[in-house]
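**Q** Going by our numbering, the letters in the sequence shown line up with residues 206 to 390, in that order. Even for Gly, the Cβ is constructed at its ideal location relative to N, Cα and C.
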Amino acid sequence: MEDKKALRKRFSALRWSVRSPEKDALIAERLLSLDRIKNADIILMYASFGTETDTWDIARKLIAAGKTIAYPLCGEKSSMTFHTVENLSQLIPGSYGIPEPPAELPQPVITEDTVCLVPGLAFTAEGARLGYGGGYYDRFLPHYPQIYTIAPAYGALVTDELPQLGHDFRINMIVTEERTVLCRE
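1. Who are the Cβ neighbours of Pro226 in its own chain at under 8 angstroms, not counting the five residues just before and after it?
2. Taking Phe374 and Tyr342 to be in contact with their CB atoms under 8 angstroms, please state how far apart those CB atoms are, rounded to whole angstroms.
3. By the DSSP assignment, the beta strand (DSSP E) with Val314 in it spans what residues?
4. Looking only at C-alpha atoms, which of Tyr353, Glu291, Ala230, Arg213 sits nearest to Arg389?
5. Do you know whose CA, among Gly299, Pro306, Pro347, Leu387, lies nearest Leu293's CA?
6. If I measure Cβ to Cβ from Pro304 and keep anything under 6 angstroms in the same chain, skipping five residues before and after, which residues do I get?
7. So Thr256 and Arg224 are supposed to be a Cβ contact under 8 angstroms. How far apart are they, rounded?
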């Protein structure tokens with residue numbers, strides 16, 4: 206099996222070739238129709254950038270529906286906190302040029318009804334995830350095992366196997382343009 210660096214390069218190129226606004230719309234529609242999302246008290250978002258599946262339209266629709274959303278603020282040593290936003294204009298340029306919330310915005314109270322959308326380059330149907338190498342989510346999520354994790358991703362990025370280390374966190378669900386994959390039910 207390729208090492209993570211080679212896999213990141215390969216899946217990054219693949220994502221570039223398969224991305225499309227039509228697929229983003231299908232993923233958003235499928236994701237927003239989930240009972241997990243409809244019944245969530247808080248949805249922990251991420252600000253999509255580059256070739257990632259678009260989360261901006263999802264966030265706008267969640268806000269319009271009256272849902273509470275929060276975005277990550279990256280700190281030192283790959284630490285991360287989430288902060289509640291009422292509108293997307295509150296986000297400011299942050300780490301790696303990715304929009305983040307200001308630190309003074311409130312942190313949500315995490316419950317068993319909290320859902321986290323998790324970014325990544327590739328996933329397996331068993332919930333393994335290939336991230337970007339910073340370890341932010343792998344450090345954050347184990348502190349909150351009650352959070353239900355969902356990865357919006359293009360179907361081509363669901364693969365048979367990925368290298369996993371002991372600290373790599375597995376996700377609960379993958380939502381693609383074609384299907385919903387239950388990973389850890």
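**A** Once the coordinates are examined:
1. Beyond the five residues adjoining it in sequence on each side, Pro226 comes within less than 8 angstroms, by CB distance, of Asp259 in the same chain, given in chain order.
2. About 6 angstroms separates the Cβ atoms of Phe374 and Tyr342, confirming a contact at the 8 angstroms cut-off.
3. Segment: none, Val314 is in no beta strand (DSSP E) and carries neither H nor E.
4. Tyr353
5. Pro306
6. Residues of the same chain with a CB within less than 6 angstroms of the CB of Pro304, apart from the 5 flanking positions on each side, are Ala252, Leu296 in chain order.
7. Confirmed, Cβ separation roughly 5 angstroms.
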